[in-house]
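Protein chains: 2
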Amino acid sequence: MLEWLKEPEINFPGQLEHGGFEHGVCVGQIQAKAGLTQSTVSEYLSILQRAGFIEAKRVGQWTYYKRNEGAFEALSKLIQSNL
Amino acid sequence: MLEWLKEPEINFPGQLEHGGFEHGVCVGQIQAKAGLTQSTVSEYLSILQRAGFIEAKRVGQWTYYKRNEGAFEALSKLIQSNL
DNA sequence: CAAATATATCGACTTTTCCCGATATATCAA
DNA sequence: TTGATATATCGGGAAAAGTCGATATATTTG
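Order-wise, the sequence lines are chains C and L. Under full-length UniProt numbering, the final residue of the first sequence carries the number 83; numbering is consecutive throughout. Under full-length UniProt numbering, the final residue of the second sequence carries the number 83; numbering is consecutive throughout.
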C-alpha cells in the first residue's frame with residue numbers, strides 16, 4: 001500500500017471520481033486494489049497512520065490517506081545511524 | 001543483538017577469552033547477554049544470517065557472528081528509493 | 001575412543017499478528 | 001427523518017512468530 005500511494009495517479013485511477021488526489025486516496029480505492037475486506041484495510045491504514053507513515057484527512061464521508069514522506073526519510077536515517 | 005554487535009568490545013567483554021573480536025562474537029556470549037535459551041539465540045542468529053545482516057564464521061567448536069554493514073546501508077537506501 | 005563443550009535442529013506450546021464478518025458511527029441525499 | 005454509502009471498531013478464528021526443552025552434530029581434550 002505504501003508503494004501504491006507513492007504514485008496514486010497510476011495506481012488508483014478510480015480516485016478521479018472522488019475529487020482527485022490532492023488530499024490523498026480514499027479507503028475504498030485502496031481496498032479494491034488490495035483485495036482484502038474493508039475492515040482489514042481500514043485497520044491497516046489506521047495502523048500505518050499511528051506509525052506516522054501516512055496522514056488521514058476526513059472530507060465528508062470519505063477519509064483520504066496519503067504518504068508522509070518525512071517518516072520514510074527519518075526511518076532511512078534511523079537505520080543508518082542507530083542500527 | 002544487532003545493536004550489541006555494533007560495539008562488540010563494549011557489549012561482550014567476555015569475548016576476550018575466546019580469541020578477541022576479529023571474527024566476531026560467539027553464540028554463548030550473545031546468549032548470556034540476551035537472557036534467552038541457547039536454542040533460541042542460535043535460531044535468531046541463523047535467521048539474521050540468512051537475511052544477510054550478519055556473517056558467520058566457524059572456528060573450531062565456536063561460531064563467530066559479526067555484522068555485515070553493507071546490508072544495513074542497502075536497507076537504508078532501499079527504504080529511501082523503493083519505499 | 002570417550003567425555004566435555006559449543007552450536008544447530010526438531011517438535012511442541014504460547015503469544016502475537018493477520019484477517020474476517022458483524023456491527024457501530026458518520027455523512028449524504030431524498 | 002430515512003435509507004444509502006463510506007469508514008471505523010469489535011470479537012473471534014486462523015496463521016505466523018517467539019520461545020522452550022530435548023536431542024543431534026561437530027570439535028576438542030584426555
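Don't be surprised by glycine CBs; every beta carbon is placed ideally from N, CA and C.
Rounded separation between arginine 67(C) and leucine 5(C) - CA only: The alpha-carbon of arginine 67(C) is positioned some 6 Å away from that of leucine 5(C).
Short CB-CB distance (under 9 Å) between leucine 83(C) and chain L: Interface residue, yes.
Candidates Glu22(L), Lys33(L), His18(L), Asn11(L), of which the one nearest glutamate 55(L) by Cα: The residue with the shortest Cα to Cα distance from glutamate 55(L) is Glu22(L).
Of the residues Phe72(L), Ile79(L), Gly14(L), Ile47(L), the one placed nearest alanine 32(L), counting alpha carbons only: Measuring C-alpha to C-alpha distances from alanine 32(L) to each of Phe72(L), Ile79(L), Gly14(L), Ile47(L) identifies Gly14(L) as the nearest.
Nearest to isoleucine 61(C) (by Cα), restricted to the options Cys26(C), Gly52(C), Glu3(C): A small correction: the amino acid at residue 61(C) is glutamine; isoleucine does not occupy that position in the sequence shown. Glutamine 61(C) has its Cα closest to that of Cys26(C), out of Cys26(C), Gly52(C), Glu3(C).
Cβ-based neighbour list, proline 8(C), same chain, cut-off 8 Å, excluding 5 preceding and 5 following: Correct list, in chain order: Gln15, Phe21, Gly24, Val25, Lys66.
Cβ neighbour criterion (16 or more within 10 Å) applied to threonine 63(L): Label assigned to threonine 63(L): buried.
Three-state class that DSSP yields for valine 63(C) in the structure shown: Position check: residue 63(C) holds threonine in this sequence, whereas valine was assumed. DSSP places threonine 63(C) in strand when its eight states are reduced to three.
DSSP beta-bridge partners of alanine 56(C): The partner list for alanine 56(C) (beta bridge, DSSP) reads Tyr65(C).
Beta carbon proximity, phenylalanine 21(C) to chain L, threshold 9 Å: Judged by the 9 Å Cβ criterion, phenylalanine 21(C) is not in contact with chain L.
Cβ-based burial, valine 41(L) [other Cβ within 10 Å; buried from 16]: Classification of valine 41(L): buried, given that the 10 Å Cβ count is 16 or more.
Closer than 8 Å at the beta carbon, the chain L residues around isoleucine 79(C): Within 8 Å Cβ-Cβ: Phe72, Leu75, Ser76, Ile79.
Span of the alpha helix (DSSP H), counted from its first residue to its last, around leucine 45(C): DSSP places leucine 45(C) inside the alpha helix (DSSP H), whose first and last residues are 38 to 50.
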